[in-house]
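To start, the structure under review is shown below, and the notes come after it.
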Amino acid sequence: MITETKMAAKSGWNLDNSYEQLPQSFFTRLNPKSVSSPKLIIFNHPLSKFLGLNFEKLKNNDVADIFAGNEIPEGAVPIAQAYAGHQFGHFTMLGDGRALLLGEQITPKGQRFDIQLKGSGRTPYSRGGDGRAALGPMLREYIISEAMHGLNIPTTRSLAVVTTGEIVFREKEEIGAILTRVAASHLRVGTFQYVSNWCSVEELRVLADYALKRHFPGIHNDQDGYLSMLKEIIRRQASLIAKWQLVGFIHGVMNTDNMTISGETIDYGPCAFMDIYNPETVFSSIDVYGRYSYGNQPNIAAWNLSRLAEALLPLISDNEKIAVKLAKDVISKFDDLYHNNWITGMRKKLGIFNIEIEDEALIGRLLSIMEKYGADYTNTFRALTLNKFDDMIIFDTEEFVKWHEMWQARLDRQKEPREFSYELMKSSNPAIIPRNYRVEDALEAVINGDYSVMEKLNDVLSSPFEYSVDQDEYAKLPKKRNCAYRTFCGT
Ligand code: AMP
Ligand code: MG
3 MITETKMAAK SGWNLDNSYE QLPQSFFTRL NPKSVSSPKL IIFNHPLSKF LGLNFEKLKN
63 NDVADIFAGN EIPEGAVPIA QAYAGHQFGH FTMLGDGRAL LLGEQITPKG QRFDIQLKGS
123 GRTPYSRGGD GRAALGPMLR EYIISEAMHG LNIPTTRSLA VVTTGEIVFR EKEEIGAILT
183 RVAASHLRVG TFQYVSNWCS VEELRVLADY ALKRHFPGIH NDQDGYLSML KEIIRRQASL
243 IAKWQLVGFI HGVMNTDNMT ISGETIDYGP CAFMDIYNPE TVFSSIDVYG RYSYGNQPNI
303 AAWNLSRLAE ALLPLISDNE KIAVKLAKDV ISKFDDLYHN NWITGMRKKL GIFNIEIEDE
363 ALIGRLLSIM EKYGADYTNT FRALTLNKFD DMIIFDTEEF VKWHEMWQAR LDRQKEPREF
423 SYELMKSSNP AIIPRNYRVE DALEAVINGD YSVMEKLNDV LSSPFEYSVD QDEYAKLPKK
483 RNCAYRTFCG T
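Counting with my numbering, you get residues 3 to 493 for the letters of the sequence shown.
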C-alpha cells in the first residue's frame, strides 16, 4: 500500500512557505474547514504539468479532497493573508476572508507560484461573510482567467474547481465551490496599505524587501531600490492596463486590494468583455457611478498606484517632503507609459509597423465611428483582419468607407507588404473573446450536469489568435443583444 507521504511526493508537491516566515501580523495560520462531499468539476492539466504536479495516480475523489481543503498537501502551511484596500474610494481593512494560501509551489524550472484555495471557509478577516464561494462565479473566474492567459495577458491562473456538496446562500441558494488559484504572488497594493497603516516602518521594509526579492530580483533593497520598485510596478501596470484596453476587458472592481504588485490581473469578480464599443461601459451591478468603467480604467490604475506610493513613502526618504516629491515624479510617468503601450498595441491592431504622428487621429477616428454606430469592438478588428466586411452596420456607412481609404493609404506608406500587416493584425486581434452569453451558457450547462459546453469554450479560448473555422461560431454575437448585461460582486 502506498503511504500518504509517498502519494504527496508522487503528486509532485514542492511547497515552500516564504510568506509564513514574515512577521505574524501579516497573516493568520489556519486550516481550511473541511466540506462534506467534494467533487472535481474541472481541472487544468497543462497548468498542473507546468507546476510539476501530477495526480494521474490518484482517484478523482482524492484529487477533489485536496482541492476542497479536506486533505492538506505535504509541505503546505495554510495561511490567510492580511491586507487592506480602497474599495470604491473608501479605505478599509480586508484580508483573505474566504481564501487560504496553501504555500508556494516551486516548479521544475524553479519558478515560485502561490497556490490558493478560494472559498475555503471563514477566517479572522471574513467580517460578515460566510467564507464560501458559489459554483457559477468560481467557474467564471476559471474561464475568464484562462482566457486572459490565452490572450497573452498577465494573470493569475486557475488550476481546479471543486464543488463542496454544500449550499451557499446568496440572492438564492447556490452550489458551493472552491477555486484553486495560482499566482506569481498575492501581494497587492492593499497589502502595502495594510502594513503601512497598521504595522511598523520596519515591518513595511520587510514586506518591501520580500516583494523586491520575489518579483524584482534585479533591484537592490536600498532607499533608491524602493523607488525603483515603485517605478517598475507602475511600468508593469501601465503595460497590463493597456493590454486590457486593447482587448476590451473590463475588470469591474479595480479596488486597491484587487491590484497586484507582480503586474498580474487578479480577482475576477464582476468582470466582462465589452461588446459594443463605448468607453462608458460598466457591467458591475454595484458600480453605479461608473468609477470602474472601461474608459476610466487607466485613470483608476494611476489613482491606485498613487495609494501604493503613499504607502511606500516612509521607505523612499526619511524626509517626507523629499519622499512625496520623488513619488509624485514617478507616478506622473504613468500616463505616458500607458499611452505608449496603448498606441503601440493599436498600431499593431491596424497592421502598422512604423510611427506617424497622424496615427493617433486615424485610430481615434475609427473608435468614434465604432461608438457612433454601436459596433462590436472585437468583431470590428476581426473584420479588418480578415478583410471581410459583412454583418455589421458600421461597414456600410460613408464614414467607415472614408476611414478605410485613409487606413489603406496609411498602409501603403510603409515599406512592409500587405501580407505582413495582416499577419501582424492576426496576432494582435483576437478572433474570439469570452463573450458574456457564451460564458453564461457554459455555466448553465454545468449546473445542469453537462460539462462539455464549458470544456469546448475553454478549448477555443485557449488559442484566440488561431482564426480557425472552429472559432467562427464563437465570434457570433448573441441573437438578442443584452445591453443590460450585469455582473455581480459578493460572489
Ligand atoms: P472581493 O470583492 O472578492 O475582492 O473581496 C473583497 C473582500 O471581501 C476580501 O477581503 C474578501 O476576502 C472578502 N470576501 C468576499 N466574499 C467573501 C465571503 N463570502 N466571505 C468572507 N469574505 C469575503
Ligand atoms: Mg479581492
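Note that CB positions come from ideal geometry on N, CA and C, so glycine has one too.
Contact between the stretch 166-173 and the stretch 92-111 is not established, with fewer than three Cβ pairs separated by less than 8 Å. A78: not part of any beta strand (DSSP E); DSSP gives it neither H nor E. In summary, R412 is buried, with 16 or more beta-carbon neighbours lying within 10 Å of its beta-carbon over all protein chains present. When the Cα atoms are used, H151 and N223 turn out to be separated by approximately 31 Å. Distances taken from the Cβ of N260 to the heavy atoms of the ligand MG include one shorter than 7 Å. F355 counts as exposed, since fewer than 16 other C-beta atoms from the protein chains shown sit within 10 angstroms of its C-beta. The shortest CA-to-CA distance from I146 to any of R440, V448 and N450 is the one to R440. Annotated as proximal: D116 and A185, with beta-carbon spacing under 8 Å. One Cα belongs to L368, the other to S20, and the distance between them is close to 49 Å. Check the Cα spacing between A477 and each of I155, L459, R183 and A447: the tightest is with L459.
If you draw a 10 Å sphere on the C-beta of Y291, you find fewer than 16 other C-beta atoms in it, and that means exposed. In the three-state reduction of the DSSP assignment, F218 falls in the coil class, being assigned neither a helical nor a strand state. Residue pairing by DSSP places T157 opposite T267 in a beta bridge. When C-beta atoms of the stretch 212-219 are compared with those of the stretch 276-292, fewer than three pairs fall below 8 Å, so the two segments do not count as touching. By alpha-carbon distance to L339, the top candidate from A363, Q225 and N301 is N301. Under the three-state reduction of DSSP, D320 is assigned to coil, being neither helix nor strand. Assigned with DSSP and collapsed to three states, Q113 falls in coil, not helix or strand.
Per DSSP, the continuous beta strand (DSSP E) segment holding F93 begins and ends at H92 to M95. The alpha helix (DSSP H) runs lying completely inside the stretch 24-70 and spanning 4 residues or more are 47-53 and 62-69, given in chain order.
For A377, there is no enclosing alpha helix (DSSP H), as DSSP marks it with neither H nor E.
DSSP, read as helix, strand or coil, puts E176 in strand. Leaving aside the five residues that flank A447 on each side, the residues in its chain whose CB is nearer than 8 Å to its CB run, in chain order, Y453, S454, V455 and M456. By alpha-carbon distance to W344, the top candidate from R237, S264 and D378 is R237. Buried is the label assigned to P75, since at least 16 other Cβ atoms lie within 10 Å of its Cβ. A check of alpha carbon separations from R129 across L119, L55 and A84 identifies A84 as the nearest. By the 16-neighbour rule on beta-carbons within 10 angstroms, G451 is exposed.
The residues D277, I278, Y279, M394 and L479, in chain order, have a CB closer than 8 Å to that of D378 in the same chain once the five nearest residues on each side in sequence are set aside.
In the structure shown, the three-state DSSP call for T165 is strand. When DSSP states are grouped into helix, strand and coil, D452 belongs to the coil group. Secondary structure note for H88: its beta strand (DSSP E) is the uninterrupted segment A86 to Q89. P156 is a Cβ neighbour of G265, given a cutoff of 8 Å. D132 has its Cβ no nearer than 7 Å to any heavy atom of the ligand MG. In the three-state scheme derived from DSSP, where H, G and I count as helix and E and B as strand, R183 is classed as strand. From the listed residues L153, P316, R190 and A135, the smallest Cα separation to E173 is found for A135.
With a 10 Å radius around the Cβ and a threshold of 16 neighbouring Cβ atoms, F90 comes out exposed. I288 and Q299 have their C-alpha atoms some 16 Å from each other.
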